[in-house]
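**Q** Protein chains in written order, with the working numbering: chain G, 2 to 282; chain X, 2 to 282. Glycine included, each C-beta is placed from N, C-alpha and C at the ideal position.
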């Protein structure tokens, strides 16, 4: 497994692979890898000749009061995990951005809702880093997990709009056995907070079950969800159209219920599908 | 010469060329082609196997009070001119952007000055359309004329920042025999206005000559330039650092003098180098 620490080395490595007729896949991460990340890697492993994982805690996507400086890191553990699933190259740039970097990529519309509303600038940072990673790595395919459902939809929009030569695949949201959505930020949870954090999963599950049983009214579903929650502060609990991410009043087509809430120290997010399945194109 | 009218057809054409081992060059234009455009095409013709010219009047780069609806067009004349310099494919999309398009690419810093200051949003529109054209056409090389010097520098910045796989080359600014910088918008000039528009070229020339004779003080150079101008309204006359485009007080390194002014109906722009030459990398 190769460790590449500069954009130039990464591009050259990828270029060599592609000029040898091989396809390249990318799983972009911020490190502190868990089984959710490994699931994305395994998914892409079987589809491409050369699998790249990038590990970069991107300052652009953190707000001034967010947890950039304390974001958890574990370089050695991450490399061992990558090796265990057959990753070919790990891209760990110290400086991802060139001197004088001054470009911003943003997606409107989709980012007005959910995390886009409560984390101003977050998705500009995400789009910008992903556009640059795509430029540096030049993958044929990349996977983004459904845990960050809005991020997945925003990246797919950007790729279509800029006609970028990469196929963006959705990756399954992975849960611990108790139902908690896997997240690097779970490491911040005390045992007690972790027990309360499970209420997010239960709230989503209750809403999904009620919808499956015929309740289409979002007001009723939301009441059900809110009643199940035991969190310190709810950021949002929204039922949105699965494609536009705009809030809906009734579940009449593919929809998504998404929750963001603080439990103890971390802000956690989770989501589940409601209504008919989304057909990924 | 092929005429391609959809992004999908353009991408497929370019894909075929590249998978046959050929290099592809792109000259992006808004049509109403003149010898300045043809000079860019000839420059690239000798460097690439397949030469593409795009013709698209991009709404995103026009302000609400600007001349989008009246921008001059001449489809038949443009195609004949492209054929005359050996263009392989002309990309004339009716709809360049996909349904639901909502991505914006912007470059900060460089766009605070000159036209960026007087045309808010203009360079966001330019960056966005060029990023999409690069995605659709996937050229190995592209040329942007020094007539739009700020645009050239902004596009080079975007390409470096997003690590786009295209080399951006500067193309020489072309002038009519009387010195007027070639521009599609010159067609708006009456004979009388055209004579007055030549004062822009004379002002630039006087400043360049004075600098070459040893005058480094920008205040003195600007006075000289302003005295030579006979325009209806001056937008700006600035001496800027050739790399950062920030105004300078003295010409101590590669610099550029740039003028934007209204003469009769059109707003015209022109520029010349001052001081040591810029070394293009």
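1. What is the rounded straight-line gap between the Cα of residue 150/G and the Cα of residue 18/G?
2. For residue 191/X, is the classification buried or exposed, using 16 other Cβ atoms within 10 angstroms of its Cβ as the cut-off for buried?
3. Hey, residue 64/X and residue 117/X are a contact pair by Cβ (cut 8 angstroms); roughly how many whole angstroms apart?
4. Against chain X, with Cβ distances strictly below 9 angstroms, would residue 126/G count as a contact?
5. What span of residues does the alpha helix (DSSP H) with residue 124/X cover, start to end?
6. Where residue 200/G and residue 247/G are concerned, what is the direct C-alpha to C-alpha distance, given to the nearest angstrom?
7. If you run the structure through DSSP and keep just helix, strand and coil, what is residue 200/X?
8. Would you give the residue range spanned by the alpha helix (DSSP H) that residue 219/X belongs to?
9. Touching or not, the segment 173–191 of chain G and the segment 47–65 of chain G, by the rule of three or more beta carbon pairs under 8 angstroms?
10. If we call anything under 9 angstroms between Cβ atoms a contact, is residue 137/X one with residue 92/X?
11. Taking 9 angstroms as the cut-off, decide whether the C-beta atoms of residue 24/X and residue 142/X are in contact.
12. Who are the Cβ neighbours of residue 84/X in its own chain at under 8 angstroms, not counting the five residues just before and after it?
13. I want to see whether chain G comes within less than 9 angstroms of residue 191/X, judged by CB atoms only; does it?
14. Kindly indicate which three-state DSSP category residue 14/G falls into: helix, strand or coil?
15. Return the first residue and the last residue of the alpha helix (DSSP H) that residue 2/X is part of.
16. Does the beta-carbon of residue 1/X have 16 or more other beta-carbons within 10 angstroms, so that it is buried, or is it exposed?
17. Rounded to whole angstroms, what is the Cα-Cα separation between residue 70/X and residue 269/X?
18. Any C-beta of chain X sitting closer than 9 angstroms to the C-beta of residue 103/G?
19. Do you know offhand how far residue 45/G's Cα is from residue 147/G's?
20. Determine contact between the segment 164–174 of chain X and the segment 35–50 of chain X, defined as no fewer than three beta-carbon pairs at a distance below 8 angstroms.
21. What's the gap between the Cα of residue 162/X and the Cα of residue 155/X?
22. With burial defined as no fewer than 16 other Cβ atoms inside 10 Å of the residue's Cβ, what is the status of residue 188/X: buried or exposed?
23. Ordered along the chain, which non-local residues of its own chain (more than five positions away) have a Cβ less than 8 angstroms from that of residue 253/G?
24. Cβ closer than 7 angstroms: which chain G residues qualify as neighbours of residue 108/X?
25. Once DSSP output is grouped into helix, strand and coil, what is the label at residue 78/G?
26. What first and last residue would you give for the alpha helix (DSSP H) that runs through residue 43/X?
27. Buried or exposed: residue 89/X, going by 16 or more other Cβ atoms within 10 Å of its Cβ?
28. Can you tell me whether residue 28/G is helix, strand or coil according to DSSP?
29. From which residue to which residue does the beta strand (DSSP E) around residue 33/X run?
30. Mapping the DSSP letters down to three states, classify residue 272/G as helix, strand or coil.
31. According to DSSP, simplified to helix, strand and coil, what is residue 60/G?
32. Within a Cβ cutoff of 6 angstroms, which residues of the same chain sit near residue 267/G, ignoring the five residues on either side of it in sequence?
33. May I have the straight-line CA-CA distance separating residue 86/G from residue 244/X, to the nearest angstrom?
34. I want to verify the contact list: residues of chain G whose CB lies under 8 angstroms from the CB of residue 166/X, in sequence order.
35. So, for residue 58/G: in the same chain, excluding its five sequence neighbours on each side, which residues have a beta-carbon less than 8 angstroms away from its beta-carbon?
36. Restricting to Cα atoms, I'd like to know which of 39/G, 61/G, 139/G, 145/G is closest to residue 1/G.
**A** Reading off the structure:
1. About 31 angstroms.
2. Per the 10 Å Cβ criterion, exposed.
3. The C-beta distance from residue 64/X to residue 117/X rounds to 12 angstroms, too long to meet the 8 angstroms contact threshold.
4. Nearest CB-CB separation between residue 126/G and chain X: not below the 9 angstroms threshold.
5. Per DSSP, the unbroken alpha helix (DSSP H) holding residue 124/X starts and ends at 123–138.
6. About 24 angstroms.
7. Residue 200/X sits in a helix when the DSSP states are folded into three classes.
8. Per DSSP, residue 219/X belongs to the alpha helix (DSSP H) from 219–229.
9. Contact fails: fewer than three Cβ-Cβ distances are below 8 angstroms.
10. Their beta carbons are under 9 angstroms apart, which means residue 137/X touches residue 92/X by this criterion.
11. Yes, the pair counts as a contact, with Cβ atoms nearer than the cut-off.
12. Closer than 8 angstroms at the Cβ level, and outside the excluded window around residue 84/X, lie 2.
13. Against chain G, the CB of residue 191/X has no partner CB under 9 angstroms away; the residue lies outside that interface.
14. Helix, per DSSP.
15. Following the DSSP letters along the chain, one finds residue 2/X in no alpha helix (DSSP H), marked with neither H nor E.
16. The first residue shown for chain X is 2 and the last is 282, placing residue 1/X beyond what the model contains.
17. Their backbone Cα atoms lie some 18 angstroms apart in a straight line.
18. Taking 9 angstroms as the CB threshold, residue 103/G lines the interface with chain X.
19. In this model, residue 45/G and residue 147/G are separated by some 15 angstroms (Cα to Cα).
20. With three or more CB-CB distances shorter than 8 angstroms, the segment 164–174 of chain X counts as touching the segment 35–50 of chain X.
21. Straight-line Cα distance between these residues: approximately 10 angstroms.
22. Exposed, by the Cβ-count rule.
23. Answer for residue 253/G: 217, 276, listed in chain order.
24. In chain order: 103, 104.
25. It is helical.
26. It spans 36–46 - the alpha helix (DSSP H) in which residue 43/X sits, taken as one unbroken run.
27. It is buried - the Cβ of residue 89/X has at least 16 other Cβ atoms within 10 Å.
28. In the three-state scheme derived from DSSP, where H, G and I count as helix and E and B as strand, residue 28/G is classed as strand.
29. Counting along the chain, residue 33/X falls outside any beta strand (DSSP E), and DSSP gives it neither H nor E.
30. Secondary structure at residue 272/G: strand, using DSSP grouped into helix, strand and coil.
31. Residue 60/G falls in the helix class under three-state DSSP.
32. In chain order, 186, 189 place their CB closer than 6 angstroms to the CB of residue 267/G, counting only its own chain and leaving out the 5 sequence neighbours on each side.
33. Cα-Cα distance, rounded: 45 angstroms.
34. Those are 136, 139, listed as they occur along chain G.
35. Sequence-distant Cβ neighbours of residue 58/G in its own chain, meaning closer than 8 angstroms and more than five residues away, are 31, 32, 69, 72, 74.
36. One cannot answer for residue 1/G here, as it falls past the ends of chain G, which runs 2 to 282.
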